[in-house]
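A.B. asks: Taking the UniProt record's numbering, the leading residue of the sequence shown gets 1, the next gets one more, and so forth. Even for Gly, the Cβ is constructed at its ideal location relative to N, Cα and C. After the structure tokens below, expect a handful of questions from me.
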Amino acid sequence: MALNESHIAFVLVCTALVNLMTPGLAFFYGGLAKKNGVLTIMMQSFVAMGCITILWFLVGFSLAFGESAGGVIGNPWTFMAYRNVDFNELTINGVVTSGASLPGLLFAGYQGMFAVITPALMTGAFLDRIHFGPYITFICLWLIFVYCPACHWVWTGEGFLAEWGVKDFAGGLVVHVTAGFSALASLYVVGRRDTHNVTEPHNVPHVLLGTALLWFGWFGFNAGSALTASPQAAYAAINSELAGSVSLFTWTLIDWKRHGKPSLVGACVGAVAGLATVTPAAGFIEPWAAFLIGIIAAVFCYSCAEFAKKNQWDDALDVWACHGMGGFIGTLLIGCFASEEVGGFGPSGELFGKQLAAACFIGVYSAIVTIGLLFAIDKVTGGQLSPSQAQVDAGLDDTIHGEDAYAYEATPVKTMPPEFAAAAAANAAEDKPVGDNAL
């Protein structure tokens, strides 16, 4: 099949949009963090754009999309360092694997954007509880042992879950369930923060900015997963907008009812929950189903966040509740709302059962591997996985990175203009006004 220029242009734009989501995530998480820890969490998101991209180029893409070893993992040699990845369609043993008449290089780059943001999502759970060096080690190992296998199982034709009939349009399983359940599992190792270090968001405008960037990029995330400039991409885009908007408003109403005031932070979190929940189904459903998913996402993810708080799970920024459980329920809803007209298959009890089994399997697998990796890293570092309480109290931005997000912030000091200083001194005894009030 010849390369299609319209598809190429569309996926190029979508690649840039998904790339923008990682800085957007940095602002979203940074605004929710405390003032002297904002750079630390933003750096954890941003550095993934460096180390994960390198790892994806060297071996990650091949592990995810290379020649399959029993439907479990790709051959690391197949596309190592983008070997055999160029302007032609991606092929394995003569069979086209990239689809959509795209150059293999573009397909690899687009998929690399997903690989970057997925481990960064986890950082919101263990806010203020991991050193920078161990963090980089963790996300690199996590990519190899969690993300790449899950990607191969679900998104390649030879993956055992794909062959079984499991569906995931844009990452409900591969991105949100893996990251969300890994984030929850990480709490078993890093523990909870001290109560006095649990603070309110320090910069709500940054939360809104991050949400806006994430939402903007999500069109590339979901619509781009069609890999074509096609009606299915249009469905995915509009379904994403609907689910995010409905969830935002529903979450706001819940907040308003429970707390007496509508919260901007709540509206932002609700939007993200809706977008995460519709992701696995975006290109398989009709708009009416996306509307319902928006309502379900807000109620379900809000309940999960409250459940986590009640049980004192210090999932600081609701990663498990919004991404993990949002991706989980969205994956199941494919079995309820799938449209033959949109995705080529309809709802069924059998499909629902397969989706449920796959979501549970990937969630449990991600959690177990995450705990193992973090324990191993903690052992190797001699118990230095997490910063000390003294470092946290002093502010991780300074103690780990030697920087201050607000180093130039100061209280404005009003000084008397020189031309009025002499008049002020001469007239002080008479209480005569000078300057702007002299009139």
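Measure the alpha-carbon distance for residue 294 versus residue 277 and round it to whole angstroms.
C.D. replies: 8 Å
A.B. asks: Could you tell me if residue 34 is buried or exposed, where buried requires 16 or more neighbouring beta carbons within 10 angstroms of its beta carbon?
C.D. replies: buried
A.B. asks: Do residue 269 and residue 204 have their beta-carbon atoms positioned less than 7 Å apart in this structure?
C.D. replies: no
A.B. asks: Considering only their Cβ atoms, is the gap separating residue 315 from residue 125 smaller than 7 Å?
C.D. replies: yes
A.B. asks: Which same chain residues, not among the five before or five after residue 32, have their C-beta less than 7 Å away from its C-beta?
C.D. replies: 201, 207, 317
A.B. asks: Are at least three pairs of beta-carbons, each pair with one atom in the segment 136–156 and one in the segment 65–74, less than 8 Å apart?
C.D. replies: yes
A.B. asks: State buried or exposed for residue 261, treating a residue as buried only when at least 16 other CB atoms are found within 10 Å of its CB.
C.D. replies: Residue 261 is exposed by the Cβ-count criterion.
A.B. asks: Hey, how far is the Cα of residue 432 from the Cα of residue 407?
C.D. replies: Caution is warranted here: a pLDDT of 46 is assigned to residue 432, below 50, making its placement in the model unreliable, and no coordinate value can be reported.
A.B. asks: If you draw a straight line from the alpha carbon of residue 280 to that of residue 379, how long is it in whole angstroms?
C.D. replies: 36 Å
A.B. asks: Can you find the residues in the same chain that come closer than 6 Å, C-beta to C-beta, to residue 42, ignoring five residues on each side of it along the sequence?
C.D. replies: 26, 30
A.B. asks: Is there contact here, the segment 159–167 with the segment 365–372, by at least three beta-carbon pairs under 8 Å?
C.D. replies: no
A.B. asks: Comparing C-alpha positions only, which one of 313, 300, 350 sits nearest to residue 329?
C.D. replies: Minimum Cα distance to residue 329 is reached at 300.
A.B. asks: Does the contact criterion of 3 or more C-beta pairs under 8 Å hold for the segment 79–88 versus the segment 5–25?
C.D. replies: no
A.B. asks: Considering only the alpha carbon of each residue, which of 111, 376, 48, 117 lies closest to residue 132?
C.D. replies: 48
A.B. asks: Using 8 Å as the cut-off, can you tell me whether the segment 53–62 makes contact with the segment 111–125, which would need three or more C-beta pairs spanning the two stretches below that distance?
C.D. replies: yes
A.B. asks: Nearest by alpha-carbon distance to residue 373: which of 143, 256, 109, 392 is it?
C.D. replies: 143
A.B. asks: So what does DSSP say about residue 7, is it helix, strand or coil?
C.D. replies: helix
A.B. asks: Less than 7 Å between C-beta atoms, sequence neighbours within five positions excluded: which residues of the same chain meet that for residue 344?
C.D. replies: none
A.B. asks: Please report the straight-line C-alpha distance between residue 386 and residue 130, rounded to a whole angstrom.
C.D. replies: 4 Å
A.B. asks: Does residue 235 pass the burial test, meaning 16 or more other C-beta atoms within 10 Å, or should it be called exposed?
C.D. replies: buried
A.B. asks: Excluding the 5 residues flanking residue 438 on each side, which residues of the same chain have their C-beta closer than 6 Å to its C-beta?
C.D. replies: The predicted position of residue 438 is uncertain, since its pLDDT is 38 and thus under 50; a value taken from the coordinates is nonetheless stated next. For residue 438, where only same-chain residues beyond five positions count, there are no Cβ hits under 6 Å.
A.B. asks: Quick one, which of 46, 291, 105 has its alpha-carbon nearest residue 11's?
C.D. replies: 105
A.B. asks: Locate the alpha helix (DSSP H) running through residue 314, then write down its first and last residues.
C.D. replies: In the DSSP annotation of this structure, residue 314 is not part of any alpha helix (DSSP H), being labelled neither H nor E.
A.B. asks: Residue 447: which of 90, 168, 36, 24 sits nearest, CA to CA?
C.D. replies: Because the chain in this structure spans residues 1 to 439, residue 447 falls outside the shown range and cannot be described.
A.B. asks: Taking residue 189 and residue 362 to be in contact with their CB atoms under 8 Å, please state how far apart those CB atoms are, rounded to whole angstroms.
C.D. replies: 20 Å between Cβ atoms; not a contact.
A.B. asks: Pick from 216, 399, 340: whose alpha carbon is nearest that of residue 389?
C.D. replies: 399
A.B. asks: So, is residue 256 buried or exposed, given that buried needs 16 or more other C-beta atoms within 10 angstroms?
C.D. replies: Exposed.
A.B. asks: Mind checking residue 288: buried by the 16 CB within 10 Å criterion, or exposed?
C.D. replies: exposed
A.B. asks: Based on the DSSP output, what are the partners of residue 74 in its beta bridges?
C.D. replies: Bridge partners of residue 74: 68.
A.B. asks: Can you name, in chain order, every residue of its own chain whose Cβ lies under 8 Å from the Cβ of residue 401, other than the five neighbours on each side?
C.D. replies: Excluding positions up to five away in sequence, the list reads 39, 40, 43, 132.
A.B. asks: So, helix, strand or coil for residue 277, using DSSP?
C.D. replies: helix
A.B. asks: Report the rounded CA-to-CA distance for residue 101 versus residue 233, giving the unit in angstroms.
C.D. replies: 15 Å
A.B. asks: Between which two residues does the alpha helix (DSSP H) holding residue 341 run?
C.D. replies: 340–343
A.B. asks: Should residue 117 and residue 22 be called a contact, given that it needs their Cβ atoms to be closer than 7 Å?
C.D. replies: yes
A.B. asks: According to DSSP, simplified to helix, strand and coil, what is residue 267?
C.D. replies: helix
A.B. asks: Looking only at its chain, what residues have a beta carbon closer than 6 Å to the beta carbon of residue 90, apart from the 5 residues adjacent to it on each side?
C.D. replies: 97, 98, 104, 107
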